[in-house]
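Undergrad:
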Amino acid sequence: MNSTPEFFDAPERASAATALAAAFRDAFGTDPAGVWSAPGRVNLVGEHVDYTGGLCLPLALPHRTFVALNPRADGVVRVRSRQEAAGEVVVTLADVGAGSPDGWAAYVAGVPWAMGRKGFDGDLLTEGFDALVDGHVPYGSGLSSSAALECAVAVALGDLLGAPLDDAGRAALAGACVLAENVVAGANTGGMDQAASLRCHEGGAILLDTRDDTVSQVALDLAGAGLALLVVDTRAEHSHAGGEYGQRRADVERAAEILGVPTLREVDPADLDAALERVGSAPDGDVLRRRVRHAVTEIDRVARTAELLRAGRAGDVGGLLDASHDSLRDDYEVSCRELDLTVDVARAHGALGARMTGGGFGGSAIALVAADRVGAVADAVAAAFAEQDLRAPRFLAALPSEGAGRDL
1 MNSTPEFFDA
11 PERASAATAL
21 AAAFRDAFGT
31 DPAGVWSAPG
41 RVNLVGEHVD
51 YTGGLCLPLA
61 LPHRTFVALN
71 PRADGVVRVR
81 SRQEAAGEVV
91 VTLADVGAGS
101 PDGWAAYVAG
111 VPWAMGRKGF
121 DGDLLTEGFD
131 ALVDGHVPYG
141 SGLSSSAALE
151 CAVAVALGDL
161 LGAPLDDAGR
171 AALAGACVLA
181 ENVVAGANTG
191 GMDQAASLRC
201 HEGGAILLDT
211 RDDTVSQVAL
221 DLAGAGLALL
231 VVDTRAEHSH
241 AGGEYGQRRA
251 DVERAAEILG
261 VPTLREVDPA
271 DLDAALERVG
281 SAPDGDVLRR
291 RVRHAVTEID
301 RVARTAELLR
311 AGRAGDVGGL
321 LDASHDSLRD
331 DYEVSCRELD
341 LTVDVARAHG
351 ALGARMTGGG
361 FGGSAIALVA
371 ADRVGAVADA
381 VAAAFAEQDL
391 RAPRFLAALP
401 SEGAGRDL
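Going by full-length UniProt numbering, the sequence shown opens with residue 1, and the numbers climb by one from there.
(1) Measure how close the beta-carbons of L320 and R301 come, nearest whole angstrom, since I'm counting them as under 8 Å.
(2) Could you check the C-alpha separation between E6 and G75 for me, to the nearest Å?
(3) Based on Cα-Cα distance, which residue from V35, R235, T65 and P58 lies nearest to H201?
(4) Spatial neighbours of H63 within its chain, please: CB distance less than 6 Å, with the 5 preceding and 5 following residues excluded, ordered by chain position.
(5) Given R235, which residues of its chain have a CB within under 7 Å of its CB, disregarding the five upstream and five downstream residues?
(6) For V381, which residues of its own chain have a beta-carbon under 7 Å away from its beta-carbon, when the five flanking residues on both sides are left out?
(7) With DSSP collapsed to three states, give me the class of V345.
(8) For D213, which residues in the same chain have their Cβ closer than 8 Å to its Cβ, ignoring the five residues on either side in sequence?
(9) Between which two residues does the alpha helix (DSSP H) containing Q388 stretch?
(10) Using the beta-carbon count (16 or more within 10 Å), is S324 buried or exposed?
(11) Between Q388 and the rest of its own chain, which residues show a CB-CB distance below 8 Å, the 5 nearest in sequence each way excluded?
(12) Whose C-alpha, out of V49, L309 and A348, is nearest the C-alpha of A205?
(13) Decide yes or no for the touch test of the region 122-141 against the region 155-168: beta carbon pairs closer than 8 Å, at least 3 of them.
(14) Between the Cα of F361 and those of L227, R329, Q83 and R373, spot the shortest distance and give me the residue it belongs to.
(15) Helix or strand or just coil, what does DSSP make of A397?
(16) Taking the alpha carbon of L20 as the reference point, which residue from S37, A384 and G285 has its own alpha carbon closest?
(17) Who does Q194 pair with in a DSSP beta bridge?
(18) For A241, name the three-state secondary structure that DSSP assigns.
(19) I'd like the ranges of any beta strand (DSSP E) spanning at least 3 consecutive residues and lying wholly in the region 83-107.
(20) If the criterion is Cβ atoms closer than 7 Å, does the pair A27 and R80 meet it?
(21) How would you write the range of the alpha helix (DSSP H) that T297 sits in, first residue to last?
(22) Relative to the alpha-carbon of A314, which residue among L69, A367, A185 and G119 has its alpha-carbon at the smallest distance?
(23) Taking the DSSP output, what are the residues bridged to A380?
(24) In three-state terms, what does DSSP make of E6?
(25) Considering F28, what are the terminal residues of the alpha helix (DSSP H) in which it resides?
(26) Which residue or residues does DSSP assign as beta-bridge partners of M356?
(27) Whose C-beta lies closer than 6 Å to the C-beta of A241 among residues of the same chain, with five residues either side of it excluded?
(28) Given L408, which residues of its chain have a CB within under 7 Å of its CB, disregarding the five upstream and five downstream residues?
(29) In the DSSP assignment, what are the bridge partners of R80?
(30) Would you call P283 buried or exposed, if buried means 16 or more other Cβ atoms sit within 10 Å of its Cβ?
(31) I'd like the span of the beta strand (DSSP E) that includes T126, first residue to last.
(32) Rounded to a whole number of angstroms, what is the C-alpha to C-alpha distance between L198 and G403?
Right under this line is the structure:
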C-alpha cells in the first residue's frame, strides 16, 4: 500500500465562495443572497466533558463548509451539496421535527426550526430557502463536519435576519445548532463543536466553560514556539448518532445522579477517590468509576493546559495530551485501533504529546510536534498504516482560524 502522506489542504476562502456563488446560479437559476462559511474544529484537550459541565479547549480549523443561500416564500427548503451525488433534497419546514428529515439534510433544515424555538424571529425561518453546500471539512473525521454545516446555515440565516453576530449572538446561534443536532438529527452531543465553529478567533483557541457557555480566548502561537499541531484523519469513520456515544452520556449522567450533583464538573479532583468509592457501589459500578475518573481528570487537564498556554509554555502541554488519550482509551473506552496506532507511532517518533480528538470510535488524532518534525511524524504514521494494511490516513495542519461568517 502507498505510504506517502496525503495532506488535505483548505481552499482559499474568497475563491471558494466565488465558485460556489457561480455554482448556485447554475443550480437554481438565480444569484444567492450571499455565501457564508463555518469551520471545522479540532479539540486540543477536553474530550467527552462538554455534556457534563466541563471545560474544553477547541480551535477552529482553516477547513470550512460553505453555504450559498437564497430565501424562498413557500415554506420549503431545497438543498444540494457539491459532495453528495444524490441530488436535490426538498424539505417542507412544517414537517421538520424530531428525527425528520433524516440524513444530512437534517443539519440544514433543522437549523431554522431550532432558531425559531430559541427565540429568533423572522419570516425566513418559516418561509424557507434554497441552499447549495460545499464542504471542505473531511466527513467522518471527528473534526465536526456536521457542526460546520449547521453553523454555516445558522450564520447565514442570522445575518439575513439582522440578528446580532457579536459573541452573545453567536452563543445563541450555537445553542440553536445544538438543539437541531440533538432533536432533528438525533445526535445526543454536547455544545463544544458549535461553540468552536461560531466563537473561535484566528490565532487562538477558546476555553469553553460548558456549565454556563462562557468563553475566554487563549492565544495559541505554536509557530512562535517552534511547534505545530498535526491532525491525522485516520479515515476510520465514526457516527455521533450511534448508541456508544449516547451510552457514555447516560453513564456520566447516572454517575452525577448517584453523587447528588448536577454534573461531574462539581466533583473536585481532590475528592475524586471518595466519588469513585460512592459510584463503585452501584450494580454497574466498575464502568461508572472509569467514566467518572475520566471526566474529572480531563476537566482538570483542560484547566492546566490553559494555564500553561497563557504562561507561554505551549511546549509543556504534551504530557497532558498523552494523559488525555490514555484516559479516553482506558477509562472512557472511545478509542480504536487506528487512533491508538497513530498516537503510539507519533509519540515514538518525537511528538511532544498525542491524543485522539473528537467523539472517538474512529475519526482523528492530533500530535504536538516540533515544526521541523511534521514531515517525519507524518511519514512514520503513513508507513505504519501501510504496514498494517489499513486505509491510508490524511493529514491536516491545525492553524487556529476564525469562526463562522460571511464570505460574499
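Beta carbons are placed, not taken as given, at the ideal position from N, Cα and C, and that holds for glycine.
Computed from a prediction, not measured in an experiment: that's the story for all the values here.
TA: In short, the structure shows the following:
(1) 5 Å
(2) 43 Å
(3) P58
(4) A10, G40, H136 and V137
(5) R391, P393 and R394
(6) V232, T342, V345, A346 and P393
(7) helix
(8) A171, A174, G175, G191 and A195
(9) Careful: Q388 lies outside any alpha helix (DSSP H) and carries neither H nor E.
(10) buried
(11) L341
(12) L309
(13) yes
(14) R329
(15) strand
(16) S37
(17) In DSSP, Q194 forms no bridge with anything.
(18) In this predicted model, A241 has a pLDDT of only 44, less than 50, meaning its place in the structure is not dependable enough to derive any value.
(19) 89-92
(20) yes
(21) G285 to R310
(22) A367
(23) DSSP output for A380 lists no bridge partner at all.
(24) strand
(25) R13 to F28
(26) A365
(27) Model confidence at A241 stands at a pLDDT of 44, short of 50, so the residue's coordinates are unreliable and nothing is read from them.
(28) A17, T18, A21, G34 and V35
(29) L132
(30) exposed
(31) Here T126 belongs to no beta strand (DSSP E); instead the alpha helix (DSSP H) covers L124 to E127.
(32) 5 Å
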